[in-house]
Amino acid sequence: KSKAELKGSATFYNYQLNEQIQYKYLLEEELRRALDNEEIFLLYQPQIDTKTQQLIAVEALARWEHPKLGSISPDDFICIAEEIGIIKEIGLFVFRQVCTDILSVSPAGKNAINVSINISPKQLMSPDFIDLITQATDEIGIDRHRITLEITENVMLNELEKTYDILTELKKRSFCISLDDFGTGYSSLSYLNMLPFDEVKIDRCFVNNITISKQSKALIKSILAISDAYGMITVAEGVEKKEQLTMLHSLGCNLIQGYYFDKPLTLSTLHNTYLKQ
Ligand code: C2E
Ligand code: MG
Ligand code: MG
Ligand code: MG
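So the sequence shown is numbered by the UniProt record's numbering: it starts at 550 and just counts up by one.
Structure follows, in structure tokens:
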């Protein structure tokens, strides 16, 4: 039967479901090979100082470009990597690649930029995570204070004490910690002082609405006030419009990340656009 003939019948839904499952199996198998095949690489999105408009840091964003299936979103493949137990390998590959890349375009010195790396919950919780990344920075020779680890709040809820211990140890070793996607999920302003964050990233959905919704603006205002009181840096994600930038500037948000300034860039474009003397 053709897809059209099947449509509307229960069989069609089974057929669709089956296709989805098959596709997932395929992705799982392909992901196991992706690292060896050099299909995973990194892009870097600028984070700009709201006041001076200078490049301060970049966020590393992983990409998977499959030769036949095309590009697969990190939201999808990171999740699969966690499920099939290869997040440790992918995470460490990403970490090492980012350190090497950033050091090559921005050596130590007073103009050195910082870099943020996303860390998935399972990766953060794996027993040798801290030692592995400490060893990697020593080997590559990048100062750890230049590296910010971005974690999302779903990590902390279940295992607050364990998370506290891990983050405290990471800070002892000079890594900075950022709370990503703040305002989504189960977040509450009271989490901000339960764990030792250096930075808070305000989620795109609030930034999107800042100029049209009073509630979003009020929420952003209170996040900024609290972060400021705790001495944390604030980053707005997903800034696409000048009016959003203007408002975030007037409210005192420290850093801006979003298509308004730049999309995620290849290392060489980052270098040519921002870092060449
Ligand atoms: P995230 O960490 O919240 O990253 C921000 C996402 O917003 C990125 O999507 C970025 O490309 C996108 N973005 C930036 N500016 C704008 C804008 O102005 N408008 C819009 N509409 N989008 C914007 P991306 O690259 O698809 O990554 C999605 C998520 O995948 C990330 O969200 C992060 O949670 C995860 N991810 C990406 N790379 C890695 C990685 O290396 N490791 C781990 N564990 N997760 C990663
Ligand atoms: Mg992030
Ligand atoms: Mg985010
Ligand atoms: Mg996200």
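Here a beta-carbon is modelled for each residue, glycine too, at the ideal position from N, C-alpha and C.
No experiment lies behind these values; they were computed from the predicted model shown.
Closest residue to residue i among the options (Cα-Cα distance)
| i | options | result |
| --- | --- | --- |
| residue 577 | 624, 633 and 564 | 633 |
| residue 715 | 678, 596 and 747 | 678 |
| residue 627 | 787, 671 and 619 | 671 |
| residue 821 | 574, 655, 597 and 760 | 655 |
| residue 795 | 718, 763 and 600 | 600 |
| residue 631 | 572, 616, 607 and 668 | 668 |
| residue 727 | 733, 744 and 568 | 744 |
| residue 798 | 707, 661 and 602 | 602 |
| residue 592 | 579, 613 and 575 | 613 |
| residue 768 | 782, 778 and 751 | 751 |
| residue 580 | 565, 564 and 638 | 638 |
| residue 722 | 694, 707, 809 and 762 | 694 |
Beta-carbon proximity of residue i to residue j, cut-off 8 angstroms
| i | j | result |
| --- | --- | --- |
| residue 689 | residue 753 | no |
| residue 609 | residue 665 | yes |
| residue 787 | residue 807 | yes |
| residue 776 | residue 749 | yes |
| residue 725 | residue 747 | yes |
| residue 701 | residue 680 | no |
| residue 663 | residue 583 | no |
| residue 596 | residue 784 | yes |
| residue 801 | residue 773 | yes |
| residue 696 | residue 686 | yes |
| residue 642 | residue 682 | no |
| residue 823 | residue 604 | yes |
As assigned by DSSP and simplified to three states, the class of residue i
| i | result |
| --- | --- |
| residue 599 | coil |
| residue 725 | strand |
| residue 746 | coil |
| residue 652 | helix |
| residue 691 | coil |
| residue 810 | coil |
| residue 805 | strand |
| residue 759 | coil |
| residue 589 | strand |
| residue 640 | helix |
| residue 571 | helix |
| residue 824 | helix |
| residue 714 | helix |
| residue 720 | helix |
| residue 739 | helix |
| residue 779 | coil |
| residue 584 | coil |
| residue 767 | helix |
| residue 659 | coil |
| residue 675 | coil |
| residue 815 | coil |
| residue 791 | helix |
| residue 633 | coil |
| residue 577 | helix |
Residues bridged to residue i [DSSP beta-bridge criterion]
| i | result |
| --- | --- |
| residue 615 | 619 |
| residue 607 | 595 and 664 |
| residue 699 | 667 and 727 |
| residue 751 | 731 and 785 |
Could you please go through the chain and list the residues whose beta-carbon is closer than 6 angstroms to any non-hydrogen atom of ligand 2? Those residues whose C-beta sits under 6 angstroms from the nearest heavy atom of ligand 2 are, from N- to C-terminal order along the chain, 608, 667, 699 and 729.
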